[in-house]
Amino acid sequence: MDYDAIVVGAGPAGLMAARAIAKKGFSVLILEKDRDLGTKACAEAVSLAAFETAGISPTPSIISNNINGAIVYPPDESKGIRMVGGSNKGFILNKPLFLCALASEAVAAGSDLQMRAEAKEIIMEGSWPKAVTYEQRGEVKRAGFKVLVGADGVGSLVARSCAFNMEGNELIPTMQYVMVNCNIPEKDMIRTYMGNDIAPLGYAWVFAKNEYMANVGIGVRGVPAKQYLDKFIQNHPDMFKNAKIVREGGGGVPIGGQIPEIVKGNVVLCGDSSGQVIPITGGGIRTSMAAGKCAGEAIAEALEAKDLSLLSNYPERYNEYWGARIIRSLKVLKALEKLSDDDLNLLAGLITGDDVVDLANGLDIRRVASKLLKHPVVAMKIASKLL
Ligand SMILES: Cc1cc2nc3c(=O)[nH]c(=O)nc-3n(C[C@H](O)[C@H](O)[C@H](O)COP(=O)(O)OP(=O)(O)OC[C@H]3O[C@@H](n4cnc5c(N)ncnc54)[C@H](O)[C@@H]3O)c2cc1C
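Here the numbering used here is used: the first residue of the sequence shown is 58, the next is one more, and so on.
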């Protein structure tokens with residue numbers, strides 16, 4: 058069977074893309090290899106604004122916990138930097154149910170969602186991608202498309218098969234436990250921990266899901282993630298002395314920034330497949346949904362006009378806001394990774410919660426840099442690199 062568009066992957070990016078295309082009356086097939094939505098490990102934190110991007114309401118059925126802000130702990134953990142209220146408010150999702158809500162929207166718009174359907178090969182006519190083969194319950198099927206969307210996450214088959222340039226696509230390994238019988242103080246605050254002994258070139262996180270359960274994870278570079286996560290848990294008996302692990306997971310998070318091209322001929326990448334993640338935080342749910350929506354709208358326009366050159370509207374629109382934020386956050390990441398624990402402790406004493414928000418999310422990093430330039434040590438080590 059042939060479709061106007063085939064979307065590989067029913068994560069945040071793919072479901073948003075499918076909905077936007079189907080809404081305009083085009084036929085869409087979504088292929089998802091897993092038997093359930095949202096099985097991938099994820100700390101599930103999103104801002105309130107992520108729901109505006111998703112175009113759905115934050116109803117209690119798809120949310121595990123309401124978040125009022127965040128605390129970032131420097132290596133000595135003496136004083137956490139607090140970001141409270143306003144745009145710091147957010148949620149810990151029940152991600153499988155959140156994705157079901159997005160899937161419901163995509164299906165209601167007319168998309169054909171096929172679970173346990175793993176894309177295996179992209180079939181070319183000359184050098185032009187035309188069809189995909191997929192395996193579903195032991196049967197190999199084939200479907201044709203005008204446009205193909207690679208929303209298949211890290212290690213994307215679509216990106217590899219269509220020879221996208223993956224330059225700069227650095228992955229940080231992560232490990233996460235879902236733990237029960239935790240004793241997390243201030244359950245409405247997400248907690249992150251930095252430091253070369255705690256999480257070299259990354260950070261550890263504790264996000265309470267409810268009064269007894271939490272996502273506890275770590276992203277590190279150059280050292281074993283599980284070993285460092287276990288050490289972090291051991292070193293925090295106040296929170297985890299009587300806690301037990303009920304689920305383990307992990308995976309790579311692309312923190313090297315967006316790859317150079319996200320559209321090639323009739324193929325479009327969105328989400329983790331193309332590195333659309335805020336590098337400092339590793340947050341990719343909202344950036345991926347925004348990419349899916351933006352890509353889906355551009356695809357519908359191109360199909361309507363029968364002019365695939367209009368697919369370039371997607372990178373043009375996405376990069377104006379999200380692409381620029383990803384670049385700025387990557388700049389901050391590169392500046393921070395050179396800092397020792399003493400530097401990080403010093404920095405923590407100089408910056409406010411608002412500064413952390415701007416730095417981590419790739420917002421107004423020049424404002425923070427100008428402020429830090431006044432401090433002789435920090436000016437040399439970090440501020441100058443942010444300008
Ligand atoms: C441990 C961890 C914690 C994280 N915590 C957060 C967080 O708190 N907040 C946040 O914003 N982000 C977080 N992220 C990042 C976030 O999960 C991703 O950026 C986001 O899910 C990307 O969405 P996506 O749709 O691009 O890809 P994915 O969510 O990876 O979805 C891709 C889908 O494609 C499917 N697929 C892959 N290959 C095929 C194939 N060949 N055929 C068919 N289907 C296929 C997969 O099964 C999957 O369902 C975290 C990531 C990790 C690893």
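Ideal Cβ positions, reconstructed from N, Cα and C, are used throughout, including at glycine.
In the DSSP assignment, what residue or residues form a beta bridge with M236? Indexing the sequence shown from 1 puts residue 236 at position 179. In DSSP, M236 forms a bridge with A271, I302.
Can you find a heavy atom of ligand 3 that lies under 7 Å from the Cβ of A98? In the structure shown, ligand 3 is absent; the only ligands present are ligand 1.
Leaving out five residues before and five after K321 in sequence, what residues of the same chain have Cβ atoms less than 7 Å from its Cβ? Here residue 321 refers to the residue found at position 264 of the sequence shown. Hits under 7 Å: C219, F221.
One question on the structure: do A98 and G308 come within less than 8 Å of each other, judged by their Cβ atoms? For the purposes of this step, residue 98 is taken as the residue at position 41 of the sequence shown. For the purposes of this step, residue 308 is taken as the residue at position 251 of the sequence shown. Contact flag set, yes.
Length at least 4, wholly inside the stretch 151 to 230: the alpha helix (DSSP H) runs in chain order: 152 to 165, 214 to 218
Just tell me which of A127, N123, C157, R194 has its CA closest to the CA of G137. Position 80 of the sequence shown, counted from the start, is the residue given in the question as residue 137. Nearest option by C-alpha distance: A127.
Any heavy atom of ligand 1 inside 7 Å of the beta-carbon of T110? Indexing the sequence shown from 1 puts residue 110 at position 53. Result no, Cβ not under 7 Å from ligand 1.
Cβ separation of L159 and Y234, assumed to be a contact under 8 Å, to the nearest whole Å: The residue given as residue 159 occupies position 102 in the sequence shown. The residue given as residue 234 occupies position 177 in the sequence shown. With 8 Å as the limit, L159 and Y234 do not qualify as a contact, their Cβ atoms being about 26 Å apart.
Can we count Q291 as close to ligand 1, meaning its CB is less than 7 Å from some heavy atom? On the sequence shown, residue 291 is found 234 positions in, with the first residue counted as 1. False, no ligand heavy atom lies under 7 Å from that Cβ.
Classify K321 as helix, strand or coil using the three-state DSSP reduction. Here residue 321 refers to the residue found at position 264 when the sequence shown is read from its first residue. In the structure shown, K321 sits in a strand (DSSP, three-state: E or B).
Minimum C-alpha distance to S104 - residue among D245, T409, E182, G195: Within the sequence shown, residue 104 is the residue found at index 47, counting from 1. Residue D245 is the option with its Cα nearest to S104.
How about K97: is its Cβ closer than 7 Å to a heavy atom in ligand 1? Mapped onto the sequence shown, residue 97 falls at position 40. Because some heavy atom of ligand 1 lies under 7 Å away, the Cβ of K97 counts as near it: yes.
For A362 and V215, what's the separation of their Cα atoms in angstroms? Translated into the one-based positions of the sequence shown, residue 362 becomes position 305. Translated into the one-based positions of the sequence shown, residue 215 becomes position 158. For A362 and V215, the distance between alpha carbons rounds to 25 Å.
What does a CB cutoff of less than 8 Å around E224 pick up in its chain, not counting 5 residues either side in sequence? Position 167 of the sequence shown, counted from the first residue, corresponds to residue 224. Cβ neighbours of E224 beyond the five flanking positions: I316, P317.
How big is the Cα-Cα spacing for E358 and S369? Against the sequence shown, residue 358 aligns to sequence position 301. Against the sequence shown, residue 369 aligns to sequence position 312. Roughly 11 Å separates the two Cα atoms.
What residues are listed by DSSP as bridge partners for S331? Position 274 of the sequence shown, counted from the start, is the residue given in the question as residue 331. Per DSSP, none; premise fails for S331.
Beta-bridge partners of T338, as assigned by DSSP: The residue you call residue 338 lines up with position 281 of the sequence shown. T338 is not bridged to any residue.
Quick one: is R385 buried, meaning 16 or more other Cβ sit within 10 Å of its Cβ, or exposed? The residue given as residue 385 occupies position 328 in the sequence shown. Burial call: buried.
Residue of D295, A347, G349, N253 minimising C-alpha distance to D133: The count along the sequence shown starts at 1 and reaches residue 133 at position 76. Closest option to D133, Cα to Cα, is N253.
Pick from V211, D59, A100, G419 that is closest to V273, judged by C-alpha positions: Taking the sequence shown and counting its residues from 1, one reaches residue 273 at position 216. Nearest of V211, D59, A100, G419 to V273, Cα basis: A100.
Per the DSSP calculation, W262 is bridged to which residue(s)? Against the sequence shown, residue 262 aligns to sequence position 205. Answer by DSSP bridge pairing, in chain order: T249, G274.
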